[in-house]
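Okay, so here's the structure we're looking at.
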Amino acid sequence: MAATSTLHDSARSTSARRLRVAHINANFAGGSGGIMLREAAAVDSDRYAATILAPGDGPLFDRARDEGVDVIRLRRMGGGRHVYPGADVRALRELSWHLAEHDFDVVHTHAGRAGAIGRLAAHRAGIPAIVHTLHGFPFNEFQNPATRAALRAIERRLGRITDYFLADGSFVASEAIRLKIAPPDRIRAVISPVDAVRPTSASARREARRILGISDDAKVVGTVARLAAQKSPLDMVNAIAGLRRPDVYMVWLGDGELRAATERLIAENGLKGRFLLAGDRDDVGSLLPAFDIFALSSLWEGLPCSLVEAMICGIPAVATAVNSVPELVLSARTGLLARPADPASLTRAIAYMLDHPDEAACMAEAARAHIGQQFRPDRLGADLMHVYDTALRLAAPRVARSR
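Taking the working numbering, the leading residue of the sequence shown gets 1244, the next gets one more, and so forth.
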């Protein structure tokens, strides 16, 4: 499939018809998948026709259809965020075919693996404009230096075929500029709204605890995250063990490849019965009110939706100070920060919140106000449409040379 045969005539009358935008992600379940769906649904449907290309199954596919967003299920991009060289070559071929077949104007990729495969496929298919969202970075200080350097080099090369970048938070955007992944005039932070959650109440708290099987008088620390290296569940187990408080329960909503290792460490620390691994849930919004404290132990992040949802719900927050998290958790104002990969630091922050409930409540109220100023759904669609229009304008000379 020659790129020249599938190049969209950028000069064709795009203004006279709806522009077709393809959103690509290797994960369409919560996190960046939920952000992708909200972005696809946010743009003016009279100007843009959005299609999501993603593998797997799950409730987000049904939600996409309900919101008028077309879906193409990818058969070759299974495996989520992990790299599989042979399978990724097949995924590249499949994706290149879909992109050329459906005549897209803009490809918008999300996260690391889909960002690499999707941008290469879009380039091969001759898509006029390529936009990529950095949901954090696929490299970080907790990797070995050789891996980190290789991934940075790959991101820089991919940046050469990317017309515009979006970032989860200002910190991620500034890091992309510092690392020469994105030029400063082609990147901006875009804050994606989260799913609607209600402020917590006494009745919602009782019902959530009834569902989870936890008594009303227990102290509950909770989180919503994958059981994966990025989210560092073993640090959370050690942090809860460090509290040495039999009245404190931990609830982890989410599943992943570290479940067995997490279960073993829970047992070794004598926390069975007080550290609940509740698995993936589709009723997270109903369960958040069970938490007295929301805690995040991540080693790296973009701008975590679960933290935003907890703050909107009015739950005091403790989180590791990584990437864009300190933009949400203003230390001692809207929550408390802990050092990543330091369970003792997390223990101290959680203990302080538990021991000072009045201060915790004040921080939670300040967090809700802080979030409300930033996460406005009405801004998202306008921001994205501006980015797509800008990307098409910036790409026009390159496309013209290729014709």
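The beta carbon of each residue, even a glycine, is placed where N, CA and C say it ideally should be.
Here the structure is a predicted model, which means the values were calculated and not measured.
Opposite R1318 in the DSSP bridges: which residues? Note: R1318 sits in no beta bridge, so no partner.
Just how far apart, CA to CA, sit M1493 and A1510? Each residue's alpha carbon lies about 14 Å from the other.
Within the chosen definition, does the segment 1592 to 1608 reach the segment 1627 to 1639 through at least 3 CB pairs nearer than 8 Å? no
Ends of the beta strand (DSSP E) at R1263? Run containing R1263: L1262 to I1267, per the beta strand (DSSP E) assignment.
With DSSP run on the structure shown, which of helix, strand or coil describes Y1327? In this prediction, Y1327 scores a pLDDT of 49, lower than 50, which makes its location untrustworthy; the coordinate-derived value is nonetheless stated afterwards. Here Y1327 sits in coil by DSSP.
Figure out for me which residue from D1526, N1566 and W1543 has the closest Cα to the Cα of H1552. Looking at the sequence provided, one finds Glu at residue 1552 rather than His. For the residues D1526, N1566 and W1543, the minimum Cα distance to E1552 belongs to D1526.
What three-state label does DSSP hand R1431 in the structure shown? strand
Between which two residues does the beta strand (DSSP E) carrying A1560 extend? A1560 to T1563
For H1351, which residues does DSSP report across the bridge? H1266 and V1374
Return the bridge partner residues of A1293 from the DSSP annotation. V1264
Mind the definition here: the segment 1287 to 1301 touches the segment 1264 to 1276 only if three or more C-beta pairs lie below 8 Å; say whether that holds. yes
Check the C-beta distance from L1191 over to A1584 and give it rounded, since I have them as a contact under 8 Å. This structure cannot speak to residue 1191, because the chain is shown only from 1244 to 1646.
Helix, strand or coil: how does DSSP classify A1538 here? strand
Cut-off 7 Å between Cβ atoms - residues of its own chain near A1560, not counting five sequence neighbours on either side: F1537, L1550, A1553, M1554, V1572, G1578 and A1610
Exposed or buried, which one is T1563 when buried takes at least 16 other CB atoms within 10 Å? Of the residues assessed, T1563 falls on the buried side of the cut-off, its CB having 16 or more other CB atoms within 10 angstroms.
How many Å lie between D1626 and H1375 at the Cα? 14 Å
For Y1327 and S1446, what's the separation of their Cα atoms in angstroms? Model confidence at Y1327 stands at a pLDDT of 49, short of 50, so the residue's coordinates are unreliable and nothing is read from them.
Looking only at its own chain, which residues have a Cβ that is under 7 Å from the Cβ of L1402, when we skip the five neighbours before and after it? At residue 1402 the sequence reads Gly, which differs from the Leu that was named. Only I1424 and A1425 meet the Cβ criterion.
Within the continuous alpha helix (DSSP H) that includes A1410, where are the two ends? Element bounds for A1410: not the alpha helix (DSSP H) but the beta strand (DSSP E), Y1407 to A1410.
What three-state label does DSSP hand K1462 in the structure shown? Strand at K1462.
Host alpha helix (DSSP H) of F1385 (start-end): F1385 -> no alpha helix (DSSP H), and no H or E assigned at all.
Can you check whether the CB of V1312 is closer than 8 Å to the CB of A1284? yes
Burial state of G1357, where buried means 16 or more other Cβ atoms lie within 10 Å: The sequence given here has Ala at residue 1357, not Gly. Counting Cβ neighbours within 10 Å, A1357 comes out buried, since at least 16 surround it.
Continuous alpha helix (DSSP H) stretch holding L1455: start and end: Per DSSP, L1455 belongs to the alpha helix (DSSP H) from A1445 to L1455.
Mind checking which residues open and close the beta strand (DSSP E) that includes A1581? L1579 to A1581
Starting from the C-beta of D1490, find all residues in its chain whose C-beta is less than 7 Å away, skip the five residues before and the five after it, and write them out in chain order. A1461 and K1462.
I need the straight-line Cα distance from G1379 to R1487, nearest angstrom please. 33 Å
Counting only the same chain and skipping the five closest in sequence on each side, list residues whose C-beta sits under 6 Å from that of H1353. N1268, S1275, M1279 and T1376
Chain-order list of residues whose beta-carbon lies under 6 Å from that of R1319 (same chain, five-residue window excluded): Correct list, in chain order: R1333, A1334 and E1337.
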